[in-house]
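Q: Numbering (our numbering), first residue to last: 16 to 540. Backbone N, C-alpha and C define an ideal beta-carbon position, used for all residues, glycine too. As the structure is a computational prediction, the values presented were derived from the model and not from experiment.
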């Protein structure tokens, strides 16, 4: 009997133990998960924003954009959560720190305050609300930098081409949608910008490796030709190898066909007329330091920031690059036509601007500008009573004009795109000027080396204007205006560094000395 009770007691004990285990399991299952931390909410209202700018006045220019930004976000923070700065905030800071790769200086006015927020090298002494506000201001600072100097400044630098519009609302939306910084080459920037940025990286790598040595020549050096042998030729070979103009540096001091071919290629990409000899002008170009080349690239990257990328989406347009002395007709994104041009001399600079070409004038009159009448024609008339007749000029309603013909200063055709600068494209009887390397000789207008061919290209849209009819109109001696069926945009720009469609980096003479002032502006901050 005792055994029976012992067994029963054991069974009951095991049952109780088992129940307790089950209850413990239930308790464990019932135990709530980790406590949910409420989402971080930092109030950032107009009063807080105003107080921020009183403390950090150097950022006041961004105040309106920041006000609108936080109002849209219901007066709460944008860049912080419970863990700290959100991922897209760190992306922004990395982009800011990488401004040097864009040819810009990263000089945020309050570096001592912003750096500890991200780098943790020092204590962040900003409140959470001021931290969020400081990052928002960093964002608009970054946007401003990568958008280029403001339009007022670029106009002061005589850049009158339409500027790319900076829409801060779009940037605000990108923050709100947590898509702060992208590098969308299709829409963000003028495509040339990215090509020059790649060139900047290439030349900075060359600079890190010591750049290139200056080529030494004798004082009486005049030229090197095929077969010449001198130490300077070995230096030229080494210099061309550094920039990739020569694929191999054989260390040879003999001027061979490979070196001459490389020099000819170098000439083509530096605005020089190809020759079969190496001249002092080539040595001078080769000796321009890598640091100076980098500055030129940076200056032209800045100019690219001013250009609306929509420009190059046009189906047909004309572009003239003043330092290159060249005109391009772009059609369906391809180069349809190229011509050398003559631009304004230093005292009569060709203006950097755009217009819409609407007329071609065959056998044009030249209406002499008042400035030329005063400075050239009246003094000529005072010395020679037959001056007007000899120059094929006549008075016309109180003004002076030159009669149509092959000796007319505008040649046999001109291309008009109305503008307040009174600048247009035209032919010229002075054909020899197109053979020169420096072609800055006009009073401001652009002389076209292949005017007949340009007229043919532009009138392809009108089948009635055959090449034969164009030739007849050009030589008729009677002015004939033709309206284009579709206006063609004309962009006159100024780029001293340019990457062509074959990927070659080209440098051109700074004919109007515009680079130095721009480089100074970009580096003085």
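(1) Could you tell me the alpha carbon to alpha carbon distance between residue 274 and residue 354, rounded to whole angstroms?
(2) Do you know offhand how far residue 530's Cα is from residue 311's?
(3) Suppose contacts are defined by Cβ-Cβ distances below 8 Å. Is residue 236 in contact with residue 295 by that definition?
(4) With a 10 Å radius around its C-beta and 16 neighbouring C-beta atoms as the bar for buried, classify residue 435 as buried or exposed.
(5) Can you have a look at residue 168 and say buried or exposed, based on whether 16 or more other CB atoms are within 10 angstroms of its CB?
(6) Put residue 367 into one of helix, strand or coil per three-state DSSP.
(7) Looking only at its chain, what residues have a beta carbon closer than 6 Å to the beta carbon of residue 536, apart from the 5 residues adjacent to it on each side?
(8) Taking the alpha-carbon positions, what's the residue 465 to residue 343 distance?
(9) Could you please give the first and the last residue of the uninterrupted beta strand (DSSP E) stretch that includes residue 531?
(10) Measuring CB to CB, does residue 337 end up less than 8 Å from residue 507?
(11) Going residue by residue through the stretch 212 to 259, where are the continuous alpha helix (DSSP H) segments of at least 4 residues, counting only ones entirely within it?
(12) Of the choices 500, 497, 526, whose alpha-carbon is the least far from that of residue 511?
(13) Around the C-beta of residue 214, are 16 or more other C-beta atoms found within 10 angstroms, so that it is buried, or is it exposed?
(14) Cβ of residue 71 within 8 Å of Cβ of residue 125?
(15) Please return the same chain residues whose Cβ sits closer than 6 Å to the Cβ of residue 548, not counting the five positions on each side in sequence.
(16) Does residue 525 come out as helix, strand or coil in the three-state DSSP assignment?
(17) Do the CB positions of residue 176 and residue 457 come within less than 8 Å of each other?
(18) Using 8 Å for Cβ pairs, my map puts residue 426 next to residue 444. What's the rounded Cβ distance?
(19) Within 10 Å of its beta-carbon, does residue 231 have 16 or more other beta-carbons around it, so buried, or fewer, so exposed?
(20) Should the stretch 84 to 93 be called in touch with the stretch 142 to 155, which here means at least 3 C-beta pairs below 8 Å?
(21) The beta strand (DSSP E) spanning residue 359 covers which residue range?
(22) Output the distance between the C-alpha atoms of residue 270 and residue 304, rounded to the nearest integer angstrom.
(23) Would you list, in sequence order, the uninterrupted beta strand (DSSP E) runs of no fewer than 3 residues that lie entirely inside the stretch 142 to 172?
(24) Are the beta-carbon atoms belonging to residue 356 and residue 383 less than 8 Å from one another?
(25) In this structure, does DSSP put residue 314 in helix, strand or coil?
(26) Drop a sphere of 10 angstroms on the beta-carbon of residue 118, count the other beta-carbons inside from all chains shown, and report buried for 16 or more, exposed for fewer.
(27) For a quick check, are the C-beta atoms of residue 503 and residue 222 less than 8 Å apart?
A: In terms of the structure at hand:
(1) 28 Å
(2) 7 Å
(3) yes
(4) exposed
(5) exposed
(6) strand
(7) none
(8) Per the coordinates, the alpha-carbon of residue 465 lies some 11 Å from the alpha-carbon of residue 343.
(9) Unbroken run through residue 531 is the alpha helix (DSSP H), 530 to 538; no beta strand (DSSP E).
(10) yes
(11) For the stretch 212 to 259, the continuous alpha helix (DSSP H) assignments of 4+ residues that do not extend past its boundaries occur at 246 to 257, in sequence order.
(12) 526
(13) buried
(14) yes
(15) Nothing can be reported for residue 548: it is not among the residues displayed for the chain, which extend from 16 to 540.
(16) coil
(17) no
(18) 6 Å
(19) exposed
(20) yes
(21) Judged by DSSP secondary structure, residue 359 falls within the beta strand (DSSP E) whose first and last residues are 349 to 359.
(22) 23 Å
(23) none
(24) No, the Cβ-Cβ distance between residue 356 and residue 383 is not below 8 Å.
(25) helix
(26) Buried, since its Cβ has 16 or more Cβ neighbours within 10 Å.
(27) no
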